[in-house]
Amino acid sequence: MPEHVRAFSWRRPSVLWRSRNDVVARLWGDPSNELRKRALAALSERRGAPASLTMHRPESEFSFILMGDTGEGDRSQYAVVPPLLSVGADTDFLVIASDVIYPTGDTGDYEDKFFRPYAGYPGPIYAVPGNHDWYDGLRGFLNVFCQFDMDCTPSWNGRFTWLAKRLWRKSGVVDGPELAEIRSRYRGAPGQRALQPAPYWAIDTPTLRIIGIDTGILGGIDDEQGRWLAGVSAGPKPKLLVTGKPLVVEDMSHPDQIEGGGTVDAIVRDPANNYVAAIGGDIHNYERFPVKVGDRTLQYVVSGGGGAFMHATHIIPKTTIVDESDFRCYPLRGDSLSRYSQLYGRWFRMPWLFNLTPREATAAVEKRLGIHPGRTYRDEEVSLRARFVAALLGVPRGKRRRGKLRRLPVKRVPQRFRSEMADWDNPPFFKSFLRLDVTETELRVRCYAVTGCGDHETDPPIEDEFTIPLG
Numbered sequence: 001m002p003e004h005v006r007a008f009s010w011r012r013p014s015v016l017w018r019s020r021n022d023v024v025a026r027l028w029g030d031p032s033n034e035l036r037k038r039a040l041a042a043l044s045e046r047r048g049a050p051a052s053l054t055m056h057r058p059e060s061e062f063s064f065i066l067m068g069d070t071g072e073g074d075r076s077q078y079a080v081v082p083p084l085l086s087v088g089a090d091t092d093f094l095v096i097a098s099d100v101i102y103p104t105g106d107t108g109d110y111e112d113k114f115f116r117p118y119a120g121y122p123g124p125i126y127a128v129p130g131n132h133d134w135y136d137g138l139r140g141f142l143n144v145f146c147q148f149d150m151d152c153t154p155s156w157n158g159r160f161t162w163l164a165k166r167l168w169r170k171s172g173v174v175d176g177p178e179l180a181e182i183r184s185r186y187r188g189a190p191g192q193r194a195l196q197p198a199p200y201w202a203i204d205t206p207t208l209r210i211i212g213i214d215t216g217i218l219g220g221i222d223d224e225q226g227r228w229l230a231g232v233s234a235g236p237k238p239k240l241l242v243t244g245k246p247l248v249v250e251d252m253s254h255p256d257q258i259e260g261g262g263t264v265d266a267i268v269r270d271p272a273n274n275y276v277a278a279i280g281g282d283i284h285n286y287e288r289f290p291v292k293v294g295d296r297t298l299q300y301v302v303s304g305g306g307g308a309f310m311h312a313t314h315i316i317p318k319t320t321i322v323d324e325s326d327f328r329c330y331p332l333r334g335d336s337l338s339r340y341s342q343l344y345g346r347w348f349r350m351p352w353l354f355n356l357t358p359r360e361a362t363a364a365v366e367k368r369l370g371i372h373p374g375r376t377y378r379d380e381e382v383s384l385r386a387r388f389v390a391a392l393l394g395v396p397r398g399k400r401r402r403g404k405l406r407r408l409p410v411k412r413v414p415q416r417f418r419s420e421m422a423d424w425d426n427p428p429f430f431k432s433f434l435r436l437d438v439t440e441t442e443l444r445v446r447c448y449a450v451t452g453c454g455d456h457e458t459d460p461p462i463e464d465e466f467t468i469p470l471g
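Position one of the sequence shown corresponds to residue 1 (the UniProt record's numbering), numbered consecutively onward.
Encoded structure:
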């Protein structure tokens, strides 16, 4: 880590104010589609021909790391690095799925939140932007990953656009020579050099095509990107989608609209396109939904535990999109409830009421959701206090009942941003990353946990593992 670093906190008004472009986009429209089209046109003009968005790799067998939502620049991000290098230093490349830099994607933040943390990773790094990377109009992302700079000011149209122009946070200053020096200092080795063609791209190999899309601030893609996605998705070669917004998360489907009609998920589910998985960031935990689509299984994965604050998993209801026994998440719901109960106990200075051990929390989740949890404790009784805390902190009921205790609205104010406000900077953490190994016949995916504890730095535990046939 840098010698002097201020812990990143969403509780600071200055951080929230710098992230205001999310609110502006919701009120006056997401400018991502307009700016992205402008960037693609400028990139094509610079090359003197329409930009080719496909990067080719000749290996039939290869490995890569995938993680999302990395760049807070504090201890929780840097804690991911030792285990990542321990099990991933031999991989061929790394992909960041969403939110490379918090809170606003400024070019000036990349030194301590991207180049310095991953200076030791020997391979190239590619990325798809998340909503926070768009809060400066994507200028920082374009400079770092595409080595391209442009004016990223939206041209607002409609009523009260003068107010949108005043409130929209402008792009940060880009110092080209300084950025080049930072790149050379931290990731200047020949094997580390990477230049991706655009915010969205494809990596084509003989056995698997990896397709990364840019979903802007609010989700969804423009018509130009939609036509490209339909074209690059066609054919029998197995495909993996990497997206800034997961298509299935917290037992809800988000198909991602395409400007002009259609959805991203419809392209993914089309059997003619032969997708095997769709992996997205944005939500800061690990979730996996193996969804049956016809006679095949599509793996919908959330992988957003690359360093940012943890989104609670105990608020995820008993799953309906897939059978509960097939659903996987990290942290387990009981561990999530236990950790949040301790935070509430500290905030309200009532640990005697709120604090639940993992045993108590797991039993409360099992009772309230009506599920068999991933880890059970024999003969653990559920106290009235544990039931009260579980209901208060948002554990849903498996079945609706009259007269149930009303829980705090986890997805509404004031609970809506509880995970953001609850960010902590000391172990144990619940971060994660994926290692994907591709052969001519299968894709093996392992989810590694990052706790920040010393004995896990060189031997991180595997929280989930699955194999997808590619033959």
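Every residue, glycine too, gets a C-beta built ideally from N, C-alpha and C.
- The residue from D214, I283, F62 with its alpha-carbon nearest to that of A308 is I283.
- Of the candidates G374, M67, D335, the residue whose Cα lies closest to the Cα of E360 is D335.
- When rounded, the separation of the alpha-carbon atoms in D223 and G260 is 6 angstroms.
- Per the coordinates, the alpha-carbon of V293 lies some 41 angstroms from the alpha-carbon of S155.
- Taking 8 angstroms as the cut-off, the beta carbon of T70 is found closer than this to the beta carbon of G306.
- A Cβ-Cβ distance of about 14 angstroms is found for the pair A198 and C152, leaving them out of contact under the 8 angstroms criterion.
- When only Cα atoms are considered, R75 and N426 end up about 7 angstroms apart.
- For L35, the number of other beta carbons within 10 angstroms of its own is at least 16, and it is reported as buried.
- W201 sits away from Y78, with the two beta carbons spaced by 8 angstroms or more.
- The three-state reading of DSSP puts S76 in helix, counting H, G and I together.
- If the five residues before and after E250 are omitted, its C-beta is found closer than 6 angstroms to the C-beta atoms of I316, all from its own chain and listed in chain order.
- Excluding the 5 residues flanking it on each side, P351 has same chain C-beta neighbours closer than 8 angstroms at Q342, G345, in chain order.
- The three-state reading of DSSP puts H314 in coil, since its state is none of H, G, I, E or B.
- Residue pairing for M252: DSSP places it in a beta bridge opposite V249.
- According to the DSSP assignment, V264 belongs to the alpha helix (DSSP H) that extends over 264-269.
- Under the DSSP assignment, Q342 falls in the alpha helix (DSSP H) whose first and last residues are 333-347.
- Boundaries for K113: no alpha helix (DSSP H) harbours it, and the DSSP string shows neither H nor E there.
- Taking the Cα of L85 as reference, the smallest distance to any Cα among I468, F433, R339 is reached at F433.
- Here the segment 237-245 lies against the segment 267-281, with 3 or more beta-carbon pairs under 8 angstroms apart.
- Taking C-alpha positions only, M421 is separated from R11 by approximately 6 angstroms.
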